[in-house]
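**Student:**
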Amino acid sequence: MTTFIQPAPSPAQVVQAAQSTLTMRGVSKVFGDGDAQVTALHPTDFEVRPGELVAVIGPSGSGKSTFLTLAGALQTPTEGSVTIAGQELSRLNARQLADFRLHHIGFVLQASNLIPYLNVREQLTLVPQLAGRGGAQAGALADELLRSLGLAERTGHYPGELSGGQKQRVAIARALMNDPQLILADEPTASLDGERGREVVSMLAREVAERGKAAVMVTHDERVLDLCTRVVRLEDGRVTAQGTA
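Right, dumping it as structure tokens:
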């Protein structure tokens, strides 16, 4: 089993986090059967606490995407357990998992995946509507997040009127709308230049720290690693290194 020990949390993290938001124990993923089996992720232990932004890096085909989908309850591990916010995911059926993701996990994707016919504010307020939490309170939170991320003057704009960096900031705000405990980001800087990519990750790190969220970011962009709390390297489905950025 590949196991690595968490570095001692800072005093702020000790106060903020009595337990991990995301815990993976002996988690592995095997695709196929018999001689056609491919191990995408070997048994791995992993934890993320509130206030941490952990980068997961590695070459293409190293298992990063599998790692993220397992952490995000989008796939079921072949072995091991995934626990998020105290809920062991294997105890939930498919419908319960979908509801759990909606309420407890925020996703920031590479292409931002904004809905082209909704303006910036509507992108955000749609999320609580889907969870049955629409109304004035949701609108107030949307406005707060947009101000926090420097988008107050873009609330009425549509995706086609935004830059790549602005779209990713909207995606971060949208991911925070249901007050999830865990944020998962998949290559959020892939379509951005160095300056814009750093701006987006800096804002993500700030929101994670200030709002007490736990976050995992899969990335190839080593220029932003210093903005992360820790860095984990995957190679051939195994954790080969971990440490501070």
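First residue of the sequence shown: 1, per UniProt numbering; consecutive thereafter.
In this text, a Cβ means the ideal position worked out from N, Cα and C, and glycines have one as well.
#1: Which residues in the same chain as His157 place their Cβ atom closer than 7 Å to its Cβ, once the five residues preceding and following it in sequence are excluded?
#2: Measuring only the C-alpha atoms, how far is Leu92 from Asp143?
#3: Whether or not the segment 17–32 and the segment 64–71 are in contact is what I'm after, with contact meaning three or more pairs of Cβ atoms, one per stretch, closer than 8 Å; do they touch?
#4: Apart from the five residues on each side of it in sequence, which residues of its chain come closer than 6 Å, Cβ to Cβ, to Leu124?
#5: Can you give me the C-alpha to C-alpha distance between Gly212 and Gly51, rounded to a whole angstrom?
#6: Kindly confirm or deny that the segment 212–223 and the segment 184–192 touch, where touching means at least three C-beta pairs closer than 8 Å.
#7: Could you tell me which residues DSSP pairs with Leu182 in its beta bridges?
#8: Suppose contacts are defined by Cβ-Cβ distances below 8 Å. Is Thr21 in contact with Gln181 by that definition?
#9: With distances taken from CA atoms, which of Leu74, Tyr117, Gln110, Thr78 is nearest Leu97?
#10: From His104 to Arg133, what does the alpha carbon distance come to, in whole angstroms?
#11: Under the rule that 16 or more other beta-carbon atoms within 10 Å means buried, what is Ala94, buried or exposed?
#12: On the criterion of 16 or more Cβ atoms from any shown chain inside 10 Å, does Ala138 qualify as buried, or is it exposed?
#13: Determine, using beta carbons only, whether Leu204 and Gly165 come nearer to each other than 8 Å.
#14: Which residue wins for smallest C-alpha separation from Arg147, given the options Val170, Gln19, Leu162?
#15: Taking Asp45 as part of the beta strand (DSSP E), name the residues at either end of that continuous run.
#16: Pick helix, strand or coil for Ala55, following the three-state DSSP scheme.
#17: Can you give me the C-alpha to C-alpha distance between Ala18 and Val108, rounded to a whole angstrom?
#18: If you drop the 5 nearest sequence neighbours on each side, which residues of the same chain put their C-beta closer than 6 Å to that of Ser62?
#19: Whose CA, out of Glu47, Ser65, Tyr117, lies closest to the CA of Gly86?
#20: Got a sec? Which residues, its chain only, sit under 6 Å from Thr66 by beta carbon, not counting five neighbours each side?
#21: Using the rule of at least 16 other Cβ atoms within 10 Å of the residue's Cβ for burial, across every protein chain shown, is Ala140 buried or exposed?
#22: Looking only at its own chain, which residues have a Cβ that is under 7 Å from the Cβ of Gly80, when we skip the five neighbours before and after it?
#23: Suppose the cutoff is 6 Å on Cβ atoms and the five residues either side in sequence are ignored; what does the same chain contact list for Arg101 look like?
#24: If you run the structure through DSSP and keep just helix, strand and coil, what is Ile115?
#25: Just the Cα atoms here: how many angstroms apart are Pro59 and Ala111?
**Tutor:** A quick look at the data gives this:
#1: Position 157 of the sequence shown, counted from the start, is the residue given in the question as residue 157. Short of 7 Å from the beta carbon of His157, and not among the five residues preceding or following it, lie these beta carbons of its own chain, in chain order: Asn119, Val120.
#2: Within the sequence shown, numbered from 1, the residue matching residue 92 stands at position 92. Within the sequence shown, numbered from 1, the residue matching residue 143 stands at position 143. Using only the alpha carbons, I get a separation of about 34 Å.
#3: yes
#4: What you label residue 124 is simply residue 124 of the sequence shown in a count that begins at 1. Residues of the same chain with a CB within less than 6 Å of the CB of Leu124, apart from the 5 flanking positions on each side, are Ala142, Ala173, Arg174, Met177 in chain order.
#5: Against the sequence shown, residue 212 aligns to sequence position 212. Against the sequence shown, residue 51 aligns to sequence position 51. Approximately 5 Å, taken between the alpha carbons.
#6: With a cut-off of 8 Å, the segment 184–192 and the segment 212–223 count as touching, because enough Cβ pairs lie within range.
#7: Working through the sequence shown from its first residue, we reach residue 182 at position 182. Leu182 pairs with Ile105, Ala214.
#8: Position 21 of the sequence shown, counted from the start, is the residue given in the question as residue 21. Position 181 of the sequence shown, counted from the start, is the residue given in the question as residue 181. Yes.
#9: Taking the first residue of the sequence shown as position 1, residue 97 is located at position 97. Closest by alpha carbon: Leu74.
#10: For the purposes of this step, residue 104 is identified with residue 104 of the sequence shown, where counting begins at 1. For the purposes of this step, residue 133 is identified with residue 133 of the sequence shown, where counting begins at 1. Taking the straight line joining both Cα atoms gives about 14 Å.
#11: On the sequence shown, position 94 is the one that residue 94 refers to. The residue in question, Ala94, is exposed, as its Cβ has fewer than 16 Cβ neighbours within 10 Å.
#12: Taking the sequence shown and counting its residues from 1, one reaches residue 138 at position 138. Taking every protein chain shown into account, the CB of Ala138 has 16 or more other CB atoms within 10 angstroms, so this residue is buried.
#13: Your numbering for residue 204 matches position 204 in the sequence shown. Your numbering for residue 165 matches position 165 in the sequence shown. Against a cut-off of 8 Å, the Cβ pair of Gly165 and Leu204 comes out as no contact.
#14: Taking the first residue of the sequence shown as 1, we reach residue 147 at position 147. Selected option, being the one with the closest Cα: Val170.
#15: Indexing the sequence shown from 1 puts residue 45 at position 45. It spans 38–48 - the beta strand (DSSP E) in which Asp45 sits, taken as one unbroken run.
#16: What you label residue 55 is simply residue 55 of the sequence shown in a count that begins at 1. Reduced to three states, the DSSP call for Ala55 is strand.
#17: For the purposes of this step, residue 18 is taken as residue 18 along the sequence shown, with counting starting at 1. For the purposes of this step, residue 108 is taken as residue 108 along the sequence shown, with counting starting at 1. With a pLDDT of 49 at Ala18, under the threshold of 50, the modelled position of that residue is not reliable, and the figure given next carries that caveat. About 26 Å.
#18: Taking the first residue of the sequence shown as 1, we reach residue 62 at position 62. Leu234, Glu235, listed in sequence order.
#19: The count along the sequence shown starts at 1 and reaches residue 86 at position 86. The shortest C-alpha separation from Gly86 is found at Glu47.
#20: Taking the sequence shown and counting its residues from 1, the one referred to as residue 66 is at position 66. Residues Lys29, Ala40, Leu41 of the same chain have their beta carbon placed closer than 6 Å to that of Thr66, with the five preceding and five following residues left out of the count.
#21: As a position in the sequence shown, residue 140 is number 140, starting the count at 1. Exposed, since its Cβ has fewer than 16 Cβ neighbours within 10 Å.
#22: For the purposes of this step, residue 80 is taken as residue 80 along the sequence shown, with counting starting at 1. Met24, Arg25, Gly26, Val27, Ser28, Pro43, listed in sequence order.
#23: Numbered from its first residue, the sequence shown carries residue 101 at position 101. Closer than 6 Å at the Cβ level, and outside the excluded window around Arg101, lie Ala73.
#24: Position 115 of the sequence shown, counting from 1, holds the residue named residue 115. The answer is coil: DSSP assigns Ile115 none of H, G, I, E or B.
#25: Against the sequence shown, residue 59 aligns to sequence position 59. Against the sequence shown, residue 111 aligns to sequence position 111. Approximately 20 Å between the Cα atoms of the pair.
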